[in-house]
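Notes follow the structure.
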Amino acid sequence: MLPDTTVVKTVLAGVTQAEVSTSSLGVVVHVPHDDAAATLSALKASDLGFVMLVDLLGTDTGEDVEITYHLRSFSRDEELFVKCALSYDGVLRSVWNVYASALLPERETAELFGLTLAGHPNPARLLTTDGEGPLLRRSVPIRTLEEVRDR
Amino acid sequence: MTDLRDTVLTHALQAEGTFGPGKAPAGIKRIPKGVDGLATEHLVVNIGPQHPSTHGVLRLVAELDGEEVVNVEVAVGYLHRGIEKLGEHRRYHQLGTLMDRGDYVSGIHCELAAALATEQLLDVEVPPKAQWLRSLMGEINRIASHMVWFGTFGLDIGAMGQFLYAMREREALVDVLESVTGQRMMFNYVRPGGVLDDITPDAEQKLRTFMRTIDAYIDEHHALLGGNEIFQKRVRGVGIIDRDTALSFALTGANLRASGIPYDVRRDKPYSAYGELDFDVPLGATGDAWDRYLVRMEEMRQAARMIGQCIDGLPEGDVMAKVPKVLRPPAGEVYACVESPRGEVGVHLVSDGSDTPYRFHYRAPSLFAMQVLEEIIPGNLLADAIMLVGSVDIVLGEIDR
Amino acid sequence: MALDRITGEHSVAFIRSEQLFDWARRNSLWYLAFGIACCAIEGLMSASGPRFDFDRMGVFFRASPRQADVMIVAGTVNKKMADTVRLLYDQMPEPKWVVAMGACACTGGPFREYPNVVLGVDKVVPVDVYIPGCPPRPESVQYGFIQLQEKIKRQTEERRAARHDRR
């Protein structure tokens, strides 16, 4: 179910400059990344009851890296998406103090999009070895047919 | 003649002396001499990635104080093969082949998640027969997947017999899956718009034979493993995940329900034919490993119940909607989720209007189940650590993607 | 032979120790329990299960590389895993063999385009038998082991022939 956009706007009114909209995804809140932790805290503590961070992912939009936080409320059966824009090689501030489930997804997102993790207890690489670039950026190509054939 | 035992004993004591103060390798925590005068230290032990019971290539770095695990760190990435990146270079109907290889034990559910996301973008309606077939194959896959979990969970504790019993049940189910889809593991069965083919009479016959015996077999397995006193002593009260921990670590599936939170995607966000099927959702009380075991055993019984309903209630009609050969969904973003045996498998799909996705993200329940291990393993013995890895049921293919 | 006259005809068999050891090696190939990915479920777990029963061929798993004869590389090898695969191969005592099971271990498989994936495990360790498939059926894996047994037999005969030529 979709949460009420006016309620969301009220909850976030004192916290940050939030743009609340509805799309094919559902209700999406765009906030500046510096206020992401405060936004998530407010949404978790409010009556909306977003107690679970279901997923955290990054998307390379071509101009920046968009971080999506997917929240879920069980008491009201509602889902909400919080999105922030980060510049390439920017700093990803951890929200693990609000939701512990952000720990590993943040490491993975930072590593695969070439961001620097801040405020994280273990900001080391998760999936790839040292020296591998930001593999999920759209500018990084996959192997060509020739490279694969001449293995 | 000198007593050889004295020689050996002196040698051992001398060897102990070589680990004196200041001689331990760097990074090992030294604890000063205790009451009995013996110096002890924490030992850092590496478990995996090659290990008989890590459910794939999981690496745990455990810091031990004697036999007790003080701290554990998970190290993954040994199976990172770019499912998400390659999704941007595949057509929409090929996403199922990538998802299949994520959670490789429950391929139908993963294919279904990708198909549901594509169908949401396309806004296409799937025929009822295909919906029921998806549920039927999904529940067959659920029992097969839980059988793999059951067999390997016992192996983690040291029980070897139930593994062969579980494999026997799984072979019967995989036979049915092969009859219908042609493949034992990477099914390519669920596609955007419907499914590949109808259930064959041969498969239906095999299923009905299986249904006659499955309840008795599950009871037999439960008696074999769960009824064993050693198993119960090892599993009861160990690895308790309370409600707050389960929510803050985003657990889903049997792990969440064992901690007492009644959330099941099939019941709360019905997809395919689950809205019309009659089933119970088992719930645990304390969230220990024993509850997780019981919840999964009961899920198998409920899945068997659903299979019976699906075979009897299968509607007539097409198995595939009219969708174009090359899918070009309009630009948009969706999240679609299913209840796989591991938990909530989600696909976050972004389309830019072309024939390949713009961004394909696989929300893996095993990643979150593995994260919680760092929270529940410390304080337990090393043998319990291995058991807990088995009790949360992870598959490395979807953790590393 | 004199012994035959005492015990009766055809009651004594003669074999070179080398042939005996190779016969023993062929028929008791113990593999390292090392499943990387999806192929492990089919080729290691199902093939050792009650229906396909690897044990009737003398094949079962050992947890430690020190006790294993064969390493079945079942799954995609990527750059992080390659070091571990090589380390495990080096830890196995001679004589040892490697079976590359599945398309990923043979040549990179469905993930060959991703830069992090190694295009086949033969870039890391020498491979004796390749079993294609995604995943190969358990019977294919057993057929691969039969081919490995034939290969070991051929190697014995080649060694003997080489020694004959040198004399």
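Protein chains in written order, with the working numbering: chain C, 1 to 151; chain L, 1001 to 1401; chain B, 2001 to 2167.
C-beta: ideal position from N, C-alpha, C; glycine also.
Worksheet item: When DSSP labels each residue in this structure, what does Glu106 (chain C) get in the three-state scheme?
Response: helix
Fill in: Reduced DSSP secondary structure (H/G/I, E/B, other) of Ala2013 (chain B)
coil
Worksheet entry | 6 Å Cβ shell around Val1057 (chain L) - same chain, five flanking residues per side excluded | Pro1049, Tyr1078, Leu1079, Leu1396
Practice prompt. List in chain order: all unbroken beta strand (DSSP E) runs of 3+ residues lying wholly within the region 2062-2126 of chain B.
Written response: Runs found: 2070-2074, 2097-2101.
Discussion item. Strictly below 9 Å CB to CB, what residues from chain B border Gly1096 (chain L)?
Written reply: Here the premise fails: no neighbours, minimum Cβ distance about 12 Å.
Worksheet item: Taking just the CA atoms, how far does His1221 (chain L) sit from Arg138 (chain C)?
Response: Cα to Cα, the separation comes out at about 49 Å.
Worksheet entry | Contact under 8 Å by Cβ, Ala42 (chain C) with Val65 (chain C) | The answer is no: Cβ separation not under 8 Å.
Discussion item. Relative to the C-alpha of Ala993 (chain L), which candidate in L:Ser1259, L:Ala1303, L:Thr1040, L:Arg1301 has its C-alpha closest?
Written reply: The first residue shown for chain L is 1001 and the last is 1401, placing residue 993 (chain L) beyond what the model contains.
Fill in: Proximity below 8 Å, CB of Val1326 (chain L) to CB of Leu1116 (chain L)
no
Worksheet entry | Of the residues L:Ile1376, L:Gln1094, L:Gln1371, L:Met1137, the one placed nearest Ile1399 (chain L), counting alpha carbons only | L:Gln1371
Worksheet item: Beta-carbon of His1093 (chain L) versus every beta-carbon of chain B: anything under 8 Å?
Response: no
Worksheet item: Which same chain residues, not among the five before or five after Ala2068 (chain B), have their C-beta less than 7 Å away from its C-beta?
Response: Trp2030, Tyr2031, Leu2032, Arg2062, Met2092
Worksheet item: For Asn1071 (chain L), which residues does DSSP report across the bridge?
Response: L:Glu1063
Worksheet item: Would you say Thr2076 (chain B) and Ala2100 (chain B) are within 8 Å of each other, going by their C-beta atoms?
Response: no
Worksheet item: Is Phe1187 (chain L) helix, strand or coil by DSSP?
Response: coil
Discussion item. When you compare the CB of Met1185 (chain L) with every CB in chain B, is at least one pair closer than 8 Å?
Written reply: For Met1185 (chain L), the answer is yes, since a Cβ of chain B falls inside 8 Å of its Cβ.
Fill in: From C:Ala100, C:Leu115, C:Thr144, C:Asp4, residue whose alpha carbon lies closest to that of Val20 (chain C)
C:Asp4
Discussion item. Let's see if you can read the secondary structure: which residues bound the alpha helix (DSSP H) around Lys1233 (chain L)?
Written reply: 1229-1235
Worksheet entry | Assigned secondary structure, Gly1161 (chain L) (DSSP; H/G/I helix, E/B strand, else coil) | helix
Worksheet entry | DSSP-derived helix/strand/coil call for Ser73 (chain C) | strand
Worksheet item: Are there three or more Cβ pairs, one per stretch, closer than 8 Å when the region 1316-1330 of chain L is compared with the region 1125-1133 of chain L?
Response: yes
Worksheet entry | Residues near Gly1022 (chain L) by beta carbon distance below 6 Å, same chain, minus five either side | Bear in mind that the predicted position of Gly1022 (chain L) carries a pLDDT of just 42, short of 50, making it too unreliable to give a figure here.
Discussion item. Just to confirm before moving on: does the CB-CB distance between Arg76 (chain C) and Gly114 (chain C) stay below 8 Å?
Written reply: no
Worksheet entry | Minimum Cβ-Cβ distance from Arg151 (chain C) to chain B less than 8 Å | True, the Cβ-Cβ gap to chain B drops below 8 Å.
Worksheet item: If we ignore side chains and look at the alpha-carbon of each, how far apart do Ile1083 (chain L) and Met1297 (chain L) end up?
Response: 31 Å
Worksheet item: Using a C-beta cutoff of 8 Å, does Lys1023 (chain L) count as contacting chain B?
Response: Summary for Lys1023 (chain L): the model assigns pLDDT 46, below 50, so the residue's position carries little reliability; its value from the coordinates is reported in the next sentence. Lys1023 (chain L) does not count as touching chain B.
Fill in: Where Arg1170 (chain L) sits in the DSSP three-state scheme
helix
Fill in: 7 Å Cβ cut-off: residues of chain L touching Ala100 (chain C)
The contact set of Ala100 (chain C) on chain L, defined by CB atoms closer than 7 Å, consists of Ser1248, Phe1249 in chain order.
Discussion item. By the three-class DSSP mapping on this structure, what secondary structure does His1042 (chain L) have?
Written reply: In the structure shown, His1042 (chain L) sits in coil (DSSP, three-state: anything other than H, G, I, E or B).
Item to complete: Report the residue ranges of all alpha helix (DSSP H) runs contained in full by the region 7-79 of chain C; include only those spanning at least 4 residues, in chain order.
Response: 36-45
Worksheet item: By the criterion of Cβ-Cβ separation under 9 Å, what are the contact partners of Asn2116 (chain B) in chain C?
Response: Leu127, Thr128, Thr129, Glu132, Leu135
Discussion item. Quick check: the Cα distance between Ser24 (chain C) and Ala1331 (chain L), rounded to an integer number of angstroms?
Written reply: 9 Å
Practice prompt. Excluding the 5 residues preceding and the 5 following Ser1366 (chain L) in the sequence, name in chain order all residues of the same chain whose CB lies nearer than 6 Å to its CB.
Written response: Arg1342, Ile1394, Val1395, Glu1398, Ile1399
Worksheet entry | Close-in-space but distant-in-sequence residues of the same chain around Asp1198 (chain L) (CB under 6 Å, 5 per side omitted) | Val1319
Item to complete: Would you give the residue range spanned by the alpha helix (DSSP H) that Cys1337 (chain L) belongs to?
Response: That residue, Cys1337 (chain L), is in no alpha helix (DSSP H); its beta strand (DSSP E) goes 1332-1340.
Discussion item. With a threshold of 8 Å between beta-carbons, can Phe74 (chain C) be considered close to chain L, or not?
Written reply: So yes, Phe74 (chain C) belongs to the interface.
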